[in-house]
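Trainee: Provided herewith is a single structure, encoded as C-alpha cells, for subsequent inquiry.
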Amino acid sequence: MNPSLSPETNNHRTEANPDLPLESVGIAPSTAVASAKPAVIRIALAGNPNSGKSSLFNKLIGGNQHVGNYPGVTVEKYQGCIRYHGSVLEFTDLPGIYSLTSYSQEEIVARRFLIHDRPDVIVNVIDASNLERNLYLTVQLLEMGLNLVVVLNMMDEVRKKGMVFDTDMLSRRLGCPVVETVASHGEGIHRLKQVVVEACGNTDLPRVNYTGVLGEEVARLVPLIQGKTPYPPGFAAVKLLEDDREVAEEMHSDPLFARLCDEVAVSMQRIEKESGTGSAIVLGDKRYGFASGLVREITIRDKEETVRNMTETIDTIVTHRLLSLPFFALTMYLTFWITFTLGTPPMEWIDSGLALVSQFVLNALPDTWLRSLLVDGIIAGVGGVIVFLPNIVLLFMCIAFLEDTGYMARIAFIMDRVMHHMGLHGRSFIPLMIGFGCTVPAIMATRTIRDRRGRLTTMMILPLMSCGARLPIYLMIIPAFFPKNWHAPILWSIYLLGVALAFFVAIFLRKTLFRGENEPFVMELPPYRMPTVNMVLRHMWDRSWMYLRKAGTIILGFSILLWFLLNFPQKKTYDVDTLVAQGTHPDLRLQARVLSLINAGQPAASQSAVASDEPSRNLTDGQIENIRRLEQLNHSITGRIGHVIEPLVRPMGFDWKIGTAFLGAFAAKELFVSQMGIILALGNNDIDAITSADSTPSGTLLRIILQRNYPNPLIGICIILFALIATPCMATVAITAREAGHWIWGVLQWSGLTVLGWLVTTIVYQIGTFIQSL
Amino acid sequence: MAEVNKVGVISESLEDYLETIYLLIQKQRFARMKDIADDRNVSMASVNSAMKRLAKEGLVEHASRGIVLLTNEGENLARMVLRRHEFVRDFLVSVLRVPEAIAEKDACSFEHFMSPETFHRMVTFFEFITTCGMDIQTHFDDYRKHYDNLEARDNPCNHMHCRNRFGAHWAHARRLTDLKPGESGIVGRIRASHRIRQRLIDMGVLPHVEVTLLRVAPLGDPIEIKLRGYNLSLRKDEASAILLHDDTPESPETDTESAHE
Ligand SMILES: Nc1nc2c(ncn2[C@@H]2O[C@H](COP(=O)(O)OP(=O)(O)OP(=O)(O)O)[C@@H](O)[C@H]2O)c(=O)[nH]1
Ligand SMILES: [Mg+2]
Ligand SMILES: [Zn+2]
Ligand SMILES: [Zn+2]
Chain A
0 MNPSLSPETN NHRTEANPDL PLESVGIAPS TAVASAKPAV IRIALAGNPN SGKSSLFNKL
60 IGGNQHVGNY PGVTVEKYQG CIRYHGSVLE FTDLPGIYSL TSYSQEEIVA RRFLIHDRPD
120 VIVNVIDASN LERNLYLTVQ LLEMGLNLVV VLNMMDEVRK KGMVFDTDML SRRLGCPVVE
180 TVASHGEGIH RLKQVVVEAC GNTDLPRVNY TGVLGEEVAR LVPLIQGKTP YPPGFAAVKL
240 LEDDREVAEE MHSDPLFARL CDEVAVSMQR IEKESGTGSA IVLGDKRYGF ASGLVREITI
300 RDKEETVRNM TETIDTIVTH RLLSLPFFAL TMYLTFWITF TLGTPPMEWI DSGLALVSQF
360 VLNALPDTWL RSLLVDGIIA GVGGVIVFLP NIVLLFMCIA FLEDTGYMAR IAFIMDRVMH
420 HMGLHGRSFI PLMIGFGCTV PAIMATRTIR DRRGRLTTMM ILPLMSCGAR LPIYLMIIPA
480 FFPKNWHAPI LWSIYLLGVA LAFFVAIFLR KTLFRGENEP FVMELPPYRM PTVNMVLRHM
540 WDRSWMYLRK AGTIILGFSI LLWFLLNFPQ KKTYDVDTLV AQGTHPDLRL QARVLSLINA
600 GQPAASQSAV ASDEPSRNLT DGQIENIRRL EQLNHSITGR IGHVIEPLVR PMGFDWKIGT
660 AFLGAFAAKE LFVSQMGIIL ALGNNDIDAI TSADSTPSGT LLRIILQRNY PNPLIGICII
720 LFALIATPCM ATVAITAREA GHWIWGVLQW SGLTVLGWLV TTIVYQIGTF IQSL
Chain B
0 MAEVNKVGVI SESLEDYLET IYLLIQKQRF ARMKDIADDR NVSMASVNSA MKRLAKEGLV
60 EHASRGIVLL TNEGENLARM VLRRHEFVRD FLVSVLRVPE AIAEKDACSF EHFMSPETFH
120 RMVTFFEFIT TCGMDIQTHF DDYRKHYDNL EARDNPCNHM HCRNRFGAHW AHARRLTDLK
180 PGESGIVGRI RASHRIRQRL IDMGVLPHVE VTLLRVAPLG DPIEIKLRGY NLSLRKDEAS
240 AILLHDDTPE SPETDTESAH E
C-alpha cells in the first residue's frame, strides 16, 4: 500500500510538497506574450467568502460593491470595466465559495461561470491570515486548469501578527504569479493590474497530478470522460469520485454513461479499500495536506504568541453564556434609539421643506387638476415616504456598522437556536432585523440565506416585522384611542405581536409549503475588524438609495394612480353648493353629515350645534370645501370601491371609510394616514402635521375627528392589527416577486398575509364586542 | 400469504430500492435517479447499477431523462415490502416497546431477512395478544412496563446498532459535542449524510485534524470550534456526526494511527 495514501501521512509529513506534486512551471515570461494581448481582458475574482474580493474589486474599478465582514455578502456576480494601458480590463466579482461542489448555489454559479464564460485570468483572492483553508480552494481551481493569479490579501493583518511569508516560493510551488495586497487601503492594486495583464494569454498552465491510487484511478477515468463534458476531464473525474451529482447529470444523456458509472463505482471501491475511507475524504485530505504542507514551507516567521488575540477577547464577552443576550438586547436598543431619536429633527426639517414646496406650488399654479395632482398626489404621496428617510438612513448606518465589525455573524450564532425552532437558519435573523426599517432592502438581504426554502419562508414572513412606514399609522391611531401612559406599551406589544406571528407563520410554512431538509448550519465566524467610515457610509448610502428609488418609482406611480382614483370621475356640481345656494336643506342625511363635520372641525364648538336647524349659516369657505371633497370621494372610483368592499371589512369593525383608506395603504403603508385624512375631509396640511410631531394642535385634530367618528377603542386596535398584518405594500410584493423569481410568490405573500390579517382582526373584533356587550 | 414468498427473491438492497422508488412515486408522481440517490444517500453509480439489475428482473422500466418507472410486478413487490416494513415496525414499537427510530431501522433489515413463516407467526401472535383474555394481558403489560422504564434510563439497543454499522471501535467514540469548552480533540470519523460530510470536508474537518471547542452559544445550540487557525460554528446536529479519536488509540482496527503523535 502506498504510504502517501493513508490520510495521516498527508497531514504530518514535513517534506516539501509531498502529496500533490504540481508541475512547477513558474511564471510565463511576460515579454513573450505581451504583444498578443486581446483588447478586452476578462478577469474573474474568485475566493473564499470574506476574503476581500469585493473590497479589491472596488479598489480595482472604483466600484461600489457591497462589502461586509460577514461571509456570503456578495451573492450575485457583478461586473465592471476599466481602461489600463490600452486594453480594457473587465472584472467580475463572484460570490465567495469554499469549494467547487454542487451542494450550494454559489458554488454552482461560480463553477459554471468559470467553465462556460472562460475568463482570461482568474484572480484567486486569498485571506493570507487564514492561508490553509483558502489554499484548499486554490488547489481546486488548479484542478480546473485555470489561468490563476493568486492574491494574498489582508497582508496588514498578517504583518500585525508578526508573520512573514515567502511569496516567491509560493509562486514557484503553485506555478502562478502571487501578489500581496491590502484591499482595504488599496495597497498592491497597481501591481496586481500589471501582473494580470502579463498573465493574460499564458498557456503554460500548472497542472495537478495526484499520486497513488487516486492518481491511477483519475488517469483511468479521464479517457472515458474526454469530450463528454464542458469541464476539464481531470476535474470531472475528481468530481465524479466525489459523487458530484451535477457533473454526473450533465453526462447522463451519453450512451456510455452507464459504463462510466460502473467504472466510477469500481474506482471508488478501490480507493476505499486502499485507504480505509471514502474517496471524498481522501480527496479532501490530499488537498488540505498539500495546503498545510505549503503553508509550512512558505512561512518564514510564524505568528508571535505574544500578540493578543482581540477577537477571542471580544468573543468571550459578546458570546458569553450570560452576558451575550443582554449585550445583544443593548445593541438592538441602541440601534433603535439612534434611529428614532437622532432621526426626529431631520425628519421635521424634511416635513417643513415639503410643506414649503407644496405651498409654493399652490401659490404658483392656478387651481387646476394639475395642481391638485402635484400637491395632493405626488408631493403628498412621495413626501410621505421621503419623510422617513432620516430614520431609514440611520438604521442602515447602524446595521452597516454591525455588519462591518463582524458582530452580525455573532448575532446569527447567538440567535440560530431561536431561528432553528422556526425551521430557519441563523442568517435569517439579519434580514428580519432590517425589516424593522424597511421591508424592501430586508428582502434583498435574504440573499445571504443559502437554502431556497428557508429564503422563501423568510421573505413571506418579513412583512410581519413592523416596518418604519407603519409607524405613522400607529402614531396617529394610538393617541387617538388610548390614554397617554398606554402609548409605549401598546407600541411595544404591536412589534412583539408581529414577531410572534412571524414565528408561527414560519413554523407553519416550514411544515407545509416549504417542507424539507434544513440547510446545515456550518458558518465561519470572521475575526472582528474595525470598519472604515468610508465603508459604513457607502453601505448606508446603498440601501438608502434602494429606499429612495422605491419612493421615486413605485410610490410615485401609485400616488398618481391613487390620486386619479380619488378624483375621477369628477363631480361637476356639488350638492352642498346647491343647498347653500337654495338656502334650504331637504336632504337630512347630508345635513347630518355637514353637522358632524363642523363639529369635528371645531373641537371648541359646543355639542349643541348638532341640534341647530340651519347649519349652512355657519359654514365657512373651508368647511364647504371639505364637504365638497367628501362628496367627490363618495363619487370617485375609490369611494365606490370602498362601498363595494364594505361587507368584507364589516366583520373587522371597519366602515367604508377605513376600508377605503386601506386601499391606499396597499401602495405604501404610510399612505393610510393621508388617505384617512382626506376621507375624513380634512385639509392636507393638517395631515402632514400629524406625521411630523406629536404635540402640534393640527395633529390632534385628526385624532379628535377619529375619536368622534369611532368612539370605540376596539376599532383603534383593529386598525392597528390590520395595518400590521395585512396587505404588504406594493413595493414589498414587487421586490418579493423579483427576488423569488416568480410573481406567484408576490401574490402568495400578499394574499396569505391579507387573509391572516383579516382573520386575526375579525376574531379580535368579534370577541372584543362580545366582551364589551357583557 | 402466498404473495409474501416473492419477497426475498431479489437481494435486500434491491428491495430497498424498490421501496424507495415506490415511496418517491407516491410523493411526487415520478422517481428520478438523482432523487433515488439523494434519498438513499448513495452514489449515482450505485443507483445506476441497481436500476440495471432491477430492470433485468423486470421490476422497473427506464423512461427518458433518468426517470424510473415501476412495472406492475415491481409495484406489487414494493407494496409487499412496504407492508412488511410497516407491520414489523408497528410490532416492534407497540409490542416490544422498541424506540421508534430504532424500530424503523430494524424493520428495514427484518423485512428482507425474515422468512414468510416467521412473518406469518408474528402476525398471528400480534392478533393473539391483542384479542386474548385478561390474564395474559396484565402479565404482558408488566413486561412492557419494565421495558418502558428501562428505556427512560438509557436505551441499550442503541449500542447494538452502532456496532453493526460502524464497527466496534467507533461504537463508543466521543463526539465533538462531548468536548467541554476549551478542550481539544482529534477528528476520527465523520458520520453524516453526503451533503453535510462534503461540506465539513470542504471546511477542513478531516480525520487527524485537531479541533478545539471554543464555546457553546448562549441558548445552547450552535457551537463554535477552532480548527486550522480559524473559527467555525456548527449546529450540534452536525457536530455530533464528528467522531473523535480516543486519547489512547488502542483498537487494532487502524494500526496506522499509532504513528500519529
Ligand atoms: N484588514 C483588512 N481587512 C480587509 C482587507 N480586505 C478586505 N477587508 C475587510 O474584510 C471584510 C470582507 O471583505 P469583502 O470585500 O466583503 O469580502 P468578499 O470576499 O467580497 O466577501 P463575500 O462577498 O462574502 O464573498 C470587510 O470587512 C473588509 O473591510 C485587507 O486587506 N485588510
Ligand atoms: Mg463580496
Ligand atoms: Zn425498509
Ligand atoms: Zn454504542
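Heads up: the protein sequence lines correspond to chains A and B, in order. The first sequence begins at 0 in numbering that gives the first Met the number 0 and counts up by one. The second sequence begins at 0 in numbering that gives the first Met the number 0 and counts up by one. Cβ coordinates follow ideal geometry from the N, Cα and C atoms, glycine included. Since we're looking at a predicted model, the values are computed, not measured.
What residues match up with Glu-789/A in a beta bridge as DSSP calls it?
Mentor: This structure cannot speak to residue 789/A, because chain A is shown only from 0 to 773.
Trainee: Which class does Asp-167/A belong to by DSSP, given the choice of helix, strand or coil?
Mentor: Of the three classes helix, strand and coil, the one that applies to Asp-167/A here is helix, per DSSP.
Trainee: Of the residues Asp-415/A, Phe-428/A, Tyr-287/A and Trp-348/A, which one's Cα is nearest the Cα of Pro-221/B?
Mentor: Closest option to Pro-221/B, Cα to Cα, is Asp-415/A.
Trainee: Comparing alpha-carbon positions, which option in Phe-90/B, Cys-107/B and Val-204/B lies nearest Thr-123/B?
Mentor: Looking at the Cα atoms, Phe-90/B is the closest of the given residues.
Trainee: Can you tell me which of Leu-69/B, Leu-212/B and Tyr-229/B puts its alpha carbon nearest to the alpha carbon of Leu-22/B?
Mentor: The candidate whose alpha carbon is nearest that of Leu-22/B is Leu-69/B.
Trainee: In terms of residues, what are the limits of the alpha helix (DSSP H) holding Ser-351/A?
Mentor: Counting along the chain, the alpha helix (DSSP H) containing Ser-351/A begins and ends at 343-363.
Trainee: Identify every run of the alpha helix (DSSP H) within the segment 289-328 of chain A, keeping only runs that are complete inside it and at least 4 residues long; order them along the chain.
Mentor: Fully enclosed alpha helix (DSSP H) runs of 4 or longer: 309-317.
Trainee: Check whether the segment 627-641 of chain A and the segment 346-358 of chain A are in contact - that is, three or more C-beta pairs closer than 8 Å.
Mentor: Result no; under three Cβ-Cβ pairs closer than 8 Å.
Trainee: Is there a Cβ from chain A that is less than 7 Å from the Cβ of Ala-44/B?
Mentor: Yes, Ala-44/B counts as interfacial toward chain A.
Trainee: Count the other C-beta atoms from every protein chain shown that fall within 10 angstroms of the C-beta of Leu-333/A, then say buried if there are 16 or more, exposed otherwise.
Mentor: With fewer than 16 Cβ atoms within 10 Å of its Cβ, Leu-333/A is classed as exposed.
Trainee: Within 7 Å (strictly less), CB to CB, does Glu-131/A reach chain B?
Mentor: It does; some Cβ of chain B falls within 7 Å.
Trainee: Taking Glu-518/A as the reference, give the member of Phe-563/A, Arg-426/A, Cys-175/A and Val-356/A with the closest Cα.
Mentor: Comparing Cα-Cα distances from Glu-518/A to each of Phe-563/A, Arg-426/A, Cys-175/A and Val-356/A, the minimum goes to Arg-426/A.
Trainee: Any idea if Trp-757/A is buried or exposed, counting beta-carbon neighbours within 10 angstroms, 16 or more meaning buried?
Mentor: With 16 or more other Cβ atoms within 10 Å, it is buried.
Trainee: Taking only beta-carbon atoms, is Ile-35/B less than 7 Å away from chain A?
Mentor: It does not; no Cβ of chain A falls within 7 Å.
Trainee: Going by C-alpha distance, which of Arg-454/A, Ser-252/A, Arg-132/A and Asn-152/A is nearest Phe-851/A?
Mentor: With chain A covering only 0 through 773, there is no way to say anything about residue 851/A.
Trainee: From Thr-456/A to Gly-161/A, what distance separates their C-alpha atoms?
Mentor: So the alpha carbons of these two residues sit roughly 46 Å apart.
Trainee: Mind checking if Ala-216/B is an interface residue toward chain A, Cβ cutoff 7 Å exclusive?
Mentor: Chain A, which has a Cβ nearer than 7 Å to the Cβ of Ala-216/B, makes this yes.
Trainee: So is Ile-200/B in contact with chain A if we call contact Cβ pairs under 7 Å?
Mentor: Yes, Ile-200/B counts as interfacial toward chain A.
Trainee: Which two residues bound the contiguous beta strand (DSSP E) that contains Asn-123/A?
Mentor: Start and end: 120-126.
Trainee: If you scan the segment 384-442 of chain A from start to end, which runs of the alpha helix (DSSP H) of 4 or more residues do you find wholly inside it?
Mentor: List check, alpha helix (DSSP H) in window: 388-404, 406-420 and 428-433.
Trainee: Per DSSP, Lys-225/B is paired with what?
Mentor: DSSP output for Lys-225/B lists Thr-211/B and Asn-230/B as bridge partner(s).
Trainee: If we count the other Cβ atoms within 10 Å of its Cβ and call it buried at 16 or more, is Ser-607/A buried or exposed?
Mentor: Caution applies to Ser-607/A, whose pLDDT of 37 falls short of 50 and renders its modelled position unreliable; the value that the coordinates give is listed next. Exposed, by the Cβ-count rule.
Trainee: How many whole angstroms separate the CB atoms of Asn-128/A and Val-157/A, which I take to be in contact at a CB cut-off of 8 Å?
Mentor: Here residue 128/A turns out to be Ser, not Asn, going by the sequence shown. About 5 Å; that satisfies the 8 Å criterion.
Trainee: Report the residue from Gly-228/B, Asp-236/B and Leu-218/B whose alpha carbon sits nearest the alpha carbon of Leu-324/A.
Mentor: Minimum Cα distance to Leu-324/A is reached at Leu-218/B.
Trainee: So, helix, strand or coil for Val-754/A, using DSSP?
Mentor: In this structure, Val-754/A counts as helix in the three-state DSSP scheme.
Trainee: Of all the residues that make up the segment 430-445 of chain A, which are near chain B by a beta-carbon distance shorter than 7 Å?
Mentor: From the segment 430-445 of chain A, no residue has a Cβ closer than 7 Å to chain B.
Trainee: Quick check: the segment 167-181 of chain A against the segment 282-300 of chain A, are there 3 or more CB pairs under 8 Å?
Mentor: With the cut-off at 8 Å, the segment 167-181 of chain A and the segment 282-300 of chain A touch.
Trainee: Going by DSSP, what residue range makes up the alpha helix (DSSP H) through Glu-156/A?
Mentor: It spans 154-159 - the alpha helix (DSSP H) in which Glu-156/A sits, taken as one unbroken run.
Trainee: Using 8 Å as the cut-off, can you tell me whether the segment 119-127 of chain A makes contact with the segment 136-150 of chain A, which would need three or more C-beta pairs spanning the two stretches below that distance?
Mentor: With the cut-off at 8 Å, the segment 119-127 of chain A and the segment 136-150 of chain A touch.
Trainee: Can you tell me whether Arg-269/A is helix, strand or coil according to DSSP?
Mentor: In the structure shown, Arg-269/A sits in a helix (DSSP, three-state: H, G or I).
Trainee: On the three-pair Cβ rule with 8 Å, is the segment 96-110 of chain A touching the segment 193-201 of chain B?
Mentor: Contact holds: three or more Cβ-Cβ distances are below 8 Å.
Trainee: Do Val-759/A and Ile-734/A count as a contact pair if the criterion is CB distance below 7 Å?
Mentor: Not in contact: Ile-734/A and Val-759/A (Cβ atoms no closer than 7 Å).
Trainee: Considering only the alpha carbon of each residue, which of Val-217/A, Gln-139/A, Leu-213/A and Pro-48/A lies closest to Gly-275/A?
Mentor: Gly-275/A has its Cα closest to that of Leu-213/A, out of Val-217/A, Gln-139/A, Leu-213/A and Pro-48/A.
Trainee: When every heavy atom of ligand 2 is checked, does at least one fall within less than 6 Å of the C-beta of Ser-53/A?
Mentor: Correct: Ser-53/A has its Cβ closer than 6 Å to ligand 2.
Trainee: State the Cα-Cα distance for the pair Ala-44/B and Asn-308/A, rounded to the nearest angstrom.
Mentor: Whole-angstrom Cα-Cα distance: 48 Å.
Trainee: Going along chain A, which residues have a C-beta under 7 Å from His-193/B?
Mentor: Residues of chain A passing the Cβ test: Asp-242.
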